[in-house]
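See below for the structure under consideration.
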Amino acid sequence: MGAEMSYKSCPLCGSANKREFPAEICIHFPGIKNLSKPAVFAYPRLSLCADCGVAQFQVNDPELMRLTEEDPGEQSYRIAV
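Read in order, the letters of the sequence shown are residues 5 to 85 in our numbering.
Okay, structure coming up:
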């Protein structure tokens, strides 16, 4: 299981007015070629900024491993930040 999440203040607005919720998140792989690939279900604690609505969560190790596995010859989607 991943490390316990702890965000002291919102990364967008800096507020400390936060709430935590249990969550169920279904993560789909992008693209038409991945339609037959099963989605990954994650059950993280969701940290929500009550002032601006930014939500943060940490994906636990088993789900993270499934999301980062790559089939040989398959190109993954990477997003530049």
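We put the CB at the ideal spot given by N, CA and C, even for glycine.
| query | result |
| --- | --- |
| What is the DSSP secondary structure of G16, reduced to helix, strand or coil? | Looking at the sequence shown, residue 16 is not Gly but Leu. Of the three classes helix, strand and coil, the one that applies to L16 here is coil, per DSSP. |
| Counting only the same chain and skipping the five closest in sequence on each side, list residues whose C-beta sits under 6 Å from that of G18. | none |
| Give me, in chain order, the residues of the same chain whose beta-carbon lies closer than 6 Å to that of A46; leave out the 5 immediate sequence neighbours on both sides. | I29, V63 and E67 |
| Contact check, K22 vs F33 under 8 Å by CB: the rounded distance? | At roughly 30 Å, the Cβ-Cβ gap does not stay under 8 Å, so K22 and F33 are not in contact. |
| Distance, Cα to Cα, R70 vs I31? | 11 Å |
| State the DSSP-derived secondary structure class of G6, mapped to helix, strand or coil. | With a pLDDT of 44 at G6, under the threshold of 50, the predicted position of this residue should be treated as unreliable, though the coordinate-derived value follows. Of the three classes helix, strand and coil, the one that applies to G6 here is coil, per DSSP. |
| Round the Cβ separation of L50 and A20 to the nearest angstrom and send it over; I've been treating them as touching at under 8 Å. | Not really, about 17 Å apart at Cβ, beyond 8 Å. |
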